[in-house]
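The block underneath contains the structure these notes are about, expressed in structure tokens.
Numbering (the numbering used here), first residue to last: 1 to 167.
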């Protein structure tokens, strides 16, 4: 299962719930946040992934058109400390896909490892147990995350999962 497919399904489901979310944003932003992340959790559960939408700036939750297009977190296996592939392979792939980025080791303590890709307009934190995209998802980010889900995280649909959302 690719990052693109999961994110597309997430965006579709969020759009179909847009009227309810907009109503909740006016009445109770906390409940809107909960609803948004319940939707992302339901989509993620089909692929044994916990997906969260993050709103790092004040008022960002009001930008409902951007839901699922930026600031996403994917949690895979909570206890993983090391990548299933060499960390250098991840760094090499990032270097191949992106122009003008800094690629650095990150979270390298207590036997853990990670990679951070930094650009002026985005940041990607790649950890053995999770993937976090901070910023707007563009084609390069999509390609890198597709590669990661296939080669590093080996995401597969959950047993009995349907390929289409039940909405």
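By construction, the Cβ of each residue, glycine as well, lies at the ideal position given by its N, Cα and C atoms.
Item: Residue 64 versus 92, 15, 50, 104, residue with shortest Cα-Cα distance; Value: 15
Item: Alpha-carbon spacing of residue 37 relative to residue 88, whole angstroms; Value: 33 Å
Item: Proximity of residue 138 and residue 113 at Cβ, strictly below 7 Å; Value: no
Item: Residues that residue 72 bridges to, as DSSP identifies them; Value: 53, 133
Item: contact_flag[the region 113-130, the region 140-154] where n(CB pairs < 8 Å) is 3 or more; Value: yes
Item: Other residues of its chain near residue 145: CB distance less than 6 Å, five sequence neighbours each side excluded; Value: 3
Item: Neighbour-count burial assignment, residue 116, 16 or more Cβ in a 10 Å radius; Value: buried
Item: Helix, strand or coil at residue 164 according to DSSP, with G and I counted as helix; Value: Note that residue 164 has pLDDT 43, beneath the 50 cutoff, so the model's placement of it is unreliable and the number below is only indicative. It is coil, neither helix nor strand.
Item: Short CB-CB distance (under 7 Å) between residue 92 and chain D; Value: Annotation note: the requested chain D is absent from the structure, which comprises a single protein chain.
Item: Test item: CB-CB of residue 40 and residue 53 under 7 Å; Value: yes
Item: Bridge partners - residue 120, DSSP secondary structure assignment; Value: Paired residues: none, contrary to the question.
Item: Identity of the residues DSSP links to residue 125 by a beta bridge; Value: 116, 132
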